[in-house]
Amino acid sequence: MKTQVAIIGGGPSGLLLSQLLNRQGIETVILERSSRDHVLSRIRAGILEWGAVELLREAGVGQRMDAEGIAHDGCVLSDNDLQVRIDFTGLTGRKVMVYGQTEVTADLYAAQDAMGTPVFHGVEDVVIGDLDQEQSSVSFTHEGGRKTIACSYVAGCDGFHGVSRRTIPAEKRREFERVYPFGWLGILSRTPPVHDELIYANSDRGFALASMRSKTLSRYYVQVPLSDKAEDWSDAAFWDELKRRLPSEVSARLVTGDSIEKSIAPLRSFVSEPLRWGNLFLVGDAAHIVPPTGAKGLNLAASDVWYLFHALVERFGSGSSAGIDAYSGRALQRIWKAMRFSWQMTMLLHRFDDEDSFAAEMRKASLLHLSQSETARRELAENYIGLPY
Ligand code: FAD
Ligand code: DHB
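Per UniProt numbering, the sequence shown starts with residue 1, numbered consecutively.
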């Protein structure tokens with residue numbers, strides 16, 4: 001088999017890159033380890049920056065997002081009973097969109113099926129080779145047989161645990177990491193959201209987030225120790241803890257119900273440099289992880305895709321290598337700024353077990369300052385809605 005770009009990973013990065021390239025007449029093949037049902041059952045990101053919204057429209061998959069997504073003009077940060085509204089539209093002129101990653105992925109699979117793009121699910125033992133040759137190769141096991149694809153380029157879109165990053169020799173990679181000593185316990189429930197905007201809550205008992213997927217589907221999170229197990233949290237215990245962390249006026253109107261999904265996600269900051277090794281390019285979670293507090297993971301995957309898409313169109317169009325040569329450096333600049341923001345939001349809103357009373361007062365003072373300074377709110381809003389590509 002032969003293609004122009006072999007794409008490892010059928011998550012949002014791989015699918016979006018493939019869809020954009022196909023629309024420019026560039027051929028791709030996608031290799032995905034899991035079944036499609038499994039990929040589409042994962043509940044993950046919920047917030048799209050407007051740059052990602054526009055990129056999805058450009059990819060021809062904006063129709064359902066524009067009909068069913070909910071544009072948000074702001075969000076609330078709270079500290080116990082203090083509530084600070086961040087007016088995105090007033091401060092920056094931009095909004096964000098509430099539209100789940102699960103829906104984005106479903107829309108992209110439907111579009112790729114319509115394009116007739118070959119997508120192999122259930123692949124195993126992916127080996128990427130000849131990255132320093134004009135033609136590279138990707139071999140894999142599918143339905144019991146070994147197959148090989150010859151290609152010009154390989155896009156490593158296979159997430160944090162994928163093979164692509166590890167194909168770059170360890171001594172050629174530089175990794176940066178911070179693991180946080182807590183996770184987020186999240187639940188999805190068929191209840192109306194407690195507020196029409198997201199609430200990011202700091203409290204004496206730790207962080208909580210009130211989010212949503214639609215007017216009838218809510219997504220809530222609470223910070224928990226890493227030793228906790230989702231199955232040990234009853235729905236009742238979750239709702240009680242959430243109410244203790246949200247402002248009391250908000251908790252009083254919280255509508256509770258049965259959870260339809262409950263899981264714990266660990267928090268990590270991670271970057272692996274460079275993003276290019278010969279004909280291999282790393283994209284999205286394969287190269288970097290942010291703690292979810294700034295809603296940046298999926299959005300960073302989209303900006304990586306934007307840079308690589310334009311670079312590959314230039315390469316296959318005019319033959320110029322300038323874009324692909326610049327990809328790693330350009331993408332990393334934006335990645336590091338989103339890393340900084342995600343880390344800062346995490347420090348602003350979470351309680352650390354071993355912290356002293358000084359750290360807690362620093363969080364309180366930062367939130368009080370945000371409530372009194374438009375400049376501070378504008379700085380936060382500018383990062384939250386997404387820095388330019
Ligand atoms: P992935 O989604 O991880 O996709 C990689 C794909 O590659 C997977 O389908 C995997 O099965 C496949 N794969 C792995 N190994 C192989 C292999 N060897 N061969 C073939 N295929 C392979 N981001 C935001 O922007 N906003 C949010 O609000 C937000 N909230 C989040 C909440 C939670 C609870 C979590 C866990 C994440 C959240 N994120 C958020 C992050 C976001 O979900 C990720 O950044 C995003 O999924 C990255 O997309 P990706 O395609 O790069 O990687
Ligand atoms: C959601 C997740 C986030 O990490 C975030 O910052 C905002 C919203 C969500 O799942 O809805």
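Ideal Cβ positions, reconstructed from N, Cα and C, are used throughout, including at glycine.
Relative to the ligand DHB, proline 292 has its C-beta within less than 7 Å of a heavy atom. By the criterion of a C-beta distance shorter than 6 Å, aspartate 87 is surrounded in its chain by Gly74, once the five residues flanking it on both sides are discounted.
Distances from the CA of glutamate 124 to each of Tyr99, Leu91, Ile264 and Gly162 were compared; the closest alpha carbon is that of Gly162. Ranked by Cα distance from asparagine 299, the options Arg57, Leu209, Leu31 and Val53 are led by Val53. In the DSSP annotation of this structure, the continuous segment of the alpha helix (DSSP H) that includes valine 250 starts and ends at 248-251. Glycine 122 has its CB no nearer than 7 Å to any heavy atom of the ligand FAD. Rounded to the nearest whole angstrom, the CA to CA distance from lysine 229 to glutamate 134 is 49 Å. In this model, arginine 36 and aspartate 81 are separated by some 43 Å (Cα to Cα). Per DSSP, reduced to three states, the secondary structure at isoleucine 385 is coil, with no helix or strand assignment. Listed in chain order, the non-local C-beta contacts of lysine 337 below 7 Å within the same chain comprise Leu387, local neighbours out to five positions each way being set aside.
Closer than 7 Å to some heavy atom of the ligand DHB: that describes the Cβ of alanine 45. Looking at the backbone, the Cα of glycine 129 and that of tyrosine 109 are separated by about 27 Å.
Between the ligand FAD and cysteine 75, a heavy atom-to-CB distance of less than 7 Å is absent. For glycine 159, the closest of Arg378, Val271 and Gly46 by C-alpha to C-alpha distance is Val271. If you look at tyrosine 221, you'll find it in the beta strand (DSSP E) that goes 218-224. At least one heavy atom of the ligand FAD falls within 7 Å of the beta-carbon of aspartate 158.
Assignment of leucine 349 by DSSP, reduced to helix, strand and coil, places it in the helix class. Ranking His310, Asp232, Val194 and Phe352 by CA distance to the CA of valine 76 puts Val194 first. Between the C-alpha atoms of glycine 297 and methionine 115 there is a straight-line separation of about 27 Å. In the displayed model, methionine 212 falls within a strand according to three-state DSSP.
Taking the CA atoms as reference points, arginine 245 sits about 45 Å from valine 154.
DSSP, reduced to helix, strand and coil, places lysine 337 within a helical segment of the structure shown. Arginine 244 sits in a helix when the DSSP states are folded into three classes. Between threonine 191 and threonine 256 a beta carbon distance of about 7 Å is seen, short of the 8 Å cut, so the two are scored as contacting.
Taking the CA atoms as reference points, leucine 55 sits about 44 Å from aspartate 356. Apart from sequence neighbours up to five positions away, the residues of its chain that approach lysine 262 with a beta-carbon distance below 6 Å are Ile187 and Ala230, ordered along the chain.
Relative to the Cα of serine 78, the nearest Cα in the group Arg166, Thr375 and Ser371 belongs to Ser371. The alpha carbon of threonine 28 has as its nearest neighbour, out of Pro247, Ser342, Ala210 and Phe316, the alpha carbon of Phe316.
Proximity of the beta carbon of aspartate 285 to the ligand FAD is indicated: a heavy atom of the ligand is located closer than 7 Å.
Residue environment analysis places aspartate 113 among the exposed positions, since fewer than 16 neighbouring C-beta atoms fall within 10 angstroms of its C-beta.
Residue pairing of methionine 362 in beta bridges, as defined by DSSP: absent, with no partner found.
The criterion of a C-beta distance shorter than 8 Å is satisfied by leucine 348 and asparagine 202. The alpha carbon of aspartate 232 has as its nearest neighbour, out of Leu185, Met212, Lys215 and Lys243, the alpha carbon of Leu185.
Proline 291 sits buried, since 16 or more C-beta atoms from the chains shown fall within 10 Å of its C-beta. The alpha-carbon of glycine 25 is positioned some 22 Å away from that of alanine 301. At a threshold of 7 Å, arginine 219 counts as near the ligand DHB, since its beta carbon sits closer than that to one of the ligand's heavy atoms.
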